[in-house]
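Number of protein chains: 2
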Amino acid sequence: MFFKIRTHTCGELRENNIRENVVLNGWVDTRRDLGGLIFIDLRDRYGITQVVFEPGFDKEAHENAAVLRNEFVISIEGKVRKRPEGTENTVLNTGQIDVMVNKLIILNEAKTPPFPVKDEIDTSEDVRLKYRYIDLRRPAVQRNLLMRHRMYQLVRNYFDANNFIEVETPVLMKSTPEGARDYLVPSRLHKGKFYALPQSPQQYKQLLMVSGLDRYFQIVKCFRDEDLRADRQPEFTQIDIEMSFIDQENIFEIVEGLMKLLYKDISNRDLQLPLQRLTFDEALEKFGSDKPDLRFDLEMVTLNHVFEHTSFKVFQDHVKNKGIITGMLAPGCGEYTRNQLDILTDFVKKLGAGGLIWMRVKDNELEAPIAKFLTDEEKDHLVEAVKAKPGDLIFILTGSRLQALSIMGSLRLEMARRLNLIVPDAEPKLLWITDFPLFEWDEQTKRYYAMHHPFTSPNLEDIEFMETDPGRVRALAYDLVLNGTEIGGGSIRIHNADLQSKMFKSLGISGEEAEYKFGFLMNAFKFGAPPHGGFAFGFDRMAMIFAGVSSIREVIAFPKTASAISLMDDAPSTVSDEQLKELHIKIR
Amino acid sequence: MFFKIRTHTCGELRENNIRENVVLNGWVDTRRDLGGLIFIDLRDRYGITQVVFEPGFDKEAHENAAVLRNEFVISIEGKVRKRPEGTENTVLNTGQIDVMVNKLIILNEAKTPPFPVKDEIDTSEDVRLKYRYIDLRRPAVQRNLLMRHRMYQLVRNYFDANNFIEVETPVLMKSTPEGARDYLVPSRLHKGKFYALPQSPQQYKQLLMVSGLDRYFQIVKCFRDEDLRADRQPEFTQIDIEMSFIDQENIFEIVEGLMKLLYKDISNRDLQLPLQRLTFDEALEKFGSDKPDLRFDLEMVTLNHVFEHTSFKVFQDHVKNKGIITGMLAPGCGEYTRNQLDILTDFVKKLGAGGLIWMRVKDNELEAPIAKFLTDEEKDHLVEAVKAKPGDLIFILTGSRLQALSIMGSLRLEMARRLNLIVPDAEPKLLWITDFPLFEWDEQTKRYYAMHHPFTSPNLEDIEFMETDPGRVRALAYDLVLNGTEIGGGSIRIHNADLQSKMFKSLGISGEEAEYKFGFLMNAFKFGAPPHGGFAFGFDRMAMIFAGVSSIREVIAFPKTASAISLMDDAPSTVSDEQLKELHIKIR
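Protein chains in written order, with the numbering used here: chain H, 1 to 588; chain Z, 1001 to 1588.
In structure tokens, the structure reads:
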């Protein structure tokens, strides 16, 4: 079908174009018939322009326009005019003009779409995903993709300007023996062998440091075959960086610089640097989480010192046996009813707490079931510790440290929700969590595991404890947390063979096992590895937060569902037995 | 290990730094002991700086330096000084200075590498690939990766500036029924089902046009499970673009703009635009190839008109039966010996030719076995047609059109090689091949196939022949050819349902078959598809040509071998039966 190439996009014409002859191409967004005239809002990615079919202006064009329906694709020629007085549209950039049509070509017809191409629609996400190509016409979704596009360019230009080199790492890689959740790809040329898709380019980026590339970055697809989880995608995008001859401070500086740039450019906010930092321990004690949401206060307080000499049995036990007593003030909640308190007690019990201790702060006393077990001095200390005022409510949880703090952290979020403490356009709260433990104790197998991965460097000051008290060894590992969501993390890596051996020893990994599991990387390290460390951002999650939406599917062009299905094309799907034969596999 | 962060890179110090105290980190590139002094060339990505250990300057540092060997990773502190008169190194940017060391920290030792970290090495590619992390330290390889990095940024900034939107398309997609050579990925969550890795994002980019995104680009990994072929990779990188409401000219303009930019920035050459264009037919008749190398002449000439009325049986047959007589002049080769001519005859026979006709051009005659069968008039016409002069040699091939032209095309390349017609730094020759045939006839199955894919638009002027004479229908398809290599290609797509039906009919594809094979894309087209078309560049091949190397493996950080193996980590590899069980598959 022959058609004229547009002279302008649908977002371009202004008053200074009046009387020009123009060609526009686009979609029929809406059609209105008014007193023998046909008004079409013509839409493309760049905007909307009103075009007018008037029998007196061009009879044939007007007649041809009779068949136009929503989402038809058309090409029009016409003359730009000033809109008649009083019909201007101030919402549209093009709202001062319209185009009188003298030629219409219908480039394509369109069936009625399954939902309107508008922002406010009441359509199930499944239908939106099945017809994603129509959903993507909606202005809000296009805005998200355009913002994502902008983020890509900002990120790459930033790292380019900072001497990072972009390197593509392989997608078809070796499956690791610890490769649970690896997606596998059968090899046709090598019977019985498989590639794996990368869960991250971790090994490659460390090899690039061994290669002396000094600073690497990549915006890269990663893959993880996880069980069903809302808001996870089997393939996701990472901003991946690695640097040589640096320490943690250098990484922080580079990451913070990027975040400042993104905030300025995408949200027009001035991010104050350096960012706040909390150690893992502080975060846990004050906010009950290693990804605390600091858009509101509700700080927790460890109360062990208050009850150091208590005769109250419950507290006594925890003070003595390495347990914890953690408290949190709910300001102004002193009038919570018994029923409200029961609901919150149920909330923490479901998370595993034995119960919830609460105290209403009155003018000169604490009103609480346990009040009678506490001395006046303890009550005074408590009020002071949590900075309580009359009319407030105090929550206390006891238990093993990690569990009690985590549950109080959940209660903290719940109370923030109940008290509406997060205002919609609240200042974003970005912070570092540092000093993660190097090891995590597993009760089931009764051994320590690497909290990140076995190449994460311990804090050099703690090396002496690696054998004697592994639990207290801090890692040079850090997370970046935004509004209570982890948006990235990284670590300084071990580059020294002796330290690496020590690490494997602490993890109970034998020399042969290390060789088998991490052989080629360990081997590379023998040829001169520099000190290095890195970071990886979850790009989808970052884009989601910057776009102000609540699902990463809103910032991915063709997302899959929580069960890893593409509703648009029905992937994954069955394949022919011939295909499987060629790959030397069959279905079990 | 504690160490000081570098104050400068190894490529940074100049005379204006003299007397400064500096910290450098890097690899020991070479070590020279001279009269009690130890000279180390310290290397990082940015350059080399000479550092000097002198017992008089710092005894301890000098003693510690005794153990240093090539590729040790060290950190030094020292004072910059002007090199003693006569010891400057003009090859190095840092060659006017060196650093007198007062502190040495060995960050890591290194085993002796399997090959020297130098550009000129005589090491097999297999060894280089096995130790790729060391190979990547070599300056030439680093230069290639840095150039590739630069290309990424130029390409993306160019498309960004031209209003293209970068969209990531899925890597886990649906396997197409025509998916021979698809890599498959078994689904764990959905037993018996598979994803496929994209051979190209073709369908997605067309959907993005249906979505109204107008201009899309992506630098994207694609995958093809091909049989062993030198210089192919199972995963390769494409620059992928698609545009709406455009014609072929708009695509050419965008692509040419990018090539001009790359040539200017990477090679400092001014590319003259617009690029030369040849139709598929012209290219075939003049150069015997749809990717002709125009860095040299040796133009072929179709001689059918010269021998229109010949009585020479061999020629007569081909003129009458739609065959072809093609000639090529080899200037100055009139003295080729019978032996040389026999070798060339063997060359074309191996490619399937019946034989090679040759004629030595003498002052007033043609000396050739077949000379006696030709009239004087025919000889004159021939000499005139190929523009022969005494001392030249004329080659003639006859046969079916495509075959004879292709073989002459190969002979053309062979003669260019023999005559050394390609000078090493020859001006690059970039051109368009247009007007590809829409259909390709397959002798075996006796039917037409789409030469590109079934969504490629015919030239609208040729639609009338789609049923009556499919062979003469030209496609709106085009390739970009650089120095005899296809570096990209694309087409205008069919956006109209009627034309698409006609296309399927010509291909003998029934409605149900089309629905089954291309269902979701066809479905999307029913909701208003704009006219659109696109292009895809082979990024690896482009990078290879710009880097002036002869294998794409030289411009890929971690390439695989021709048999799709990674020698560094032995991928693909066997996996545990548990992993396969989880994926519901087993080895046949």
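In this text, a Cβ means the ideal position worked out from N, Cα and C, and glycines have one as well.
Item to check | Start and end residues, alpha helix (DSSP H) containing Z/LEU1262 | outcome: 1248-1262
Which of helix, strand or coil does DSSP assign to Z/ARG1474?
strand
Subject >> Unbroken stretches of the beta strand (DSSP E), 3 residues or longer, contained in the stretch 1426-1461 of chain Z >> reply: 1430-1434, 1439-1442, 1447-1450
Taking DSSP's pairing of strands, which residues face H/LYS586 in a bridge?
Z/LYS1586
Nearest neighbour of H/ASP297, chosen from H/LYS429, H/GLY86, H/PHE558, H/ASP317 [CA to CA]
H/LYS429
Hey, H/ALA327 and H/VAL386 are a contact pair by Cβ (cut 8 Å); roughly how many whole angstroms apart? Looking at the sequence itself, residue 327 of chain H is Gly, so the reference to Ala does not match. Yes, H/GLY327 and H/VAL386 are in contact; Cβ-Cβ is about 5 Å, under 8 Å.
- Output the distance between the C-alpha atoms of H/ASN64 and Z/LYS1264, rounded to the nearest integer angstrom. 49 Å
How far does the alpha helix (DSSP H) with Z/TYR1152 in it extend, from its first residue to its last? 1139-1161
### Query
Is H/ASP455 buried or exposed, if buried means 16 or more other CB atoms sit within 10 Å of its CB?
Sequence check: residue 455 of chain H is Phe here, not Asp. When all chains shown are included, H/PHE455 counts as buried.
**Request:** On the DSSP bridge assignment, give the partners of H/SER75 in chain order.
**Result:** H/ASN25, H/ILE105
Is H/LEU208 buried or exposed, if buried means 16 or more other CB atoms sit within 10 Å of its CB? buried
Interface residues of the stretch 1104-1116 of chain Z facing chain H [CB-CB below 8 Å]: LEU1107, ASN1108, GLU1109, ALA1110, LYS1111, PRO1113
**Prompt:** Along chain Z, which residues have their Cβ under 7 Å away from the Cβ of H/PRO186?
**Reply:** LEU1184
*How should Z/PHE1002 be labelled, buried or exposed, when 16 other C-beta atoms within 10 angstroms of its C-beta is the threshold for buried?*
exposed
**Q.** C-alpha distance - H/SER267 paired with H/PHE546, whole-angstrom precision
**A.** 7 Å
| task | Please confirm if H/LYS526 has its CB atom under 8 Å from at least one CB of chain Z. | result | yes
### Query
Name the chain Z residues whose beta carbon is nearer than 7 Å to that of H/GLY212?
TRP1027, ASP1044, ARG1045, ARG1137
May I ask you to report which of helix, strand or coil DSSP gives H/ARG6? coil
- Message: For Z/TYR1449, count the other beta carbons within 10 Å of its own beta carbon; 16 or more makes it buried, fewer makes it exposed. Which is it?
- Response: exposed
| query | Does the separation of the CB atoms of H/ILE18 and H/LYS103 fall below 8 Å? | reply | no
The alpha helix (DSSP H) enclosing H/ALA65, as first and last residue numbers:
Looking at the DSSP string, H/ALA65 is not in any alpha helix (DSSP H), and its letter there is neither H nor E.
Residues of chain Z with a CB under 7 Å from the CB of H/ASP160: which are they? GLN1153
### Task
Flag Z/GLY1534 as yes if its beta-carbon sits less than 8 Å from any beta-carbon of chain H, otherwise no.
no
- Task: Compute the Euclidean distance between the alpha carbons of Z/ARG1541 and Z/ALA1562, then round it to the nearest angstrom.
- Result: 15 Å
**Q.** Interface flag, H/ARG417 vs chain Z, CB-CB below 8 Å
**A.** no
key: Beta-carbon contacts of Z/HIS1647 that lie in its chain and below 7 Å, excluding the five residues immediately before and after   = Residue 1647 of chain Z lies beyond the range of chain Z shown here (1001 to 1588); nothing can be said about it.
Exercise. Return the residue from the list H/GLU365, H/SER75, H/LYS79, H/GLU71 that minimises the CA-CA distance to H/GLU54.
Key: H/LYS79
What does the Cβ neighbour count give for H/LEU583, buried or exposed, with the cut at 16 atoms within 10 Å? buried
Under 7 Å between beta-carbons, which chain H residues line up against Z/LEU1207? List them in chain order, please. TYR133
**Message:** Just to confirm my understanding: we take H/GLU440, look at its own chain, exclude 5 residues before and 5 after, and list those with CB closer than 6 Å. What are they?
**Reply:** TYR449, MET451
Q.
Comparing C-alpha positions only, which one of Z/ILE1074, Z/THR1445, Z/ILE1407, Z/LEU1042 sits nearest to Z/ALA1353?
A. Z/ILE1407
Using the three-state DSSP reduction, which class does Z/SER1410 fall into: helix, strand or coil? helix
_Chain-ordered neighbours of Z/LEU1476 on chain H, where CB pairs are closer than 7 Å_ = In chain order: nothing, as chain H lies at least about 12 Å away.
message = Under 8 Å, Cβ to Cβ, is there at least one residue of chain Z near H/ILE241?
response = no
Under 9 Å, CB to CB, which of the residues in the stretch 299-325 of chain H have a partner in chain Z? none
Please list, in chain order, the chain H residues whose beta carbon lies closer than 8 Å to that of Z/LEU1145. ILE165, VAL167, LEU213
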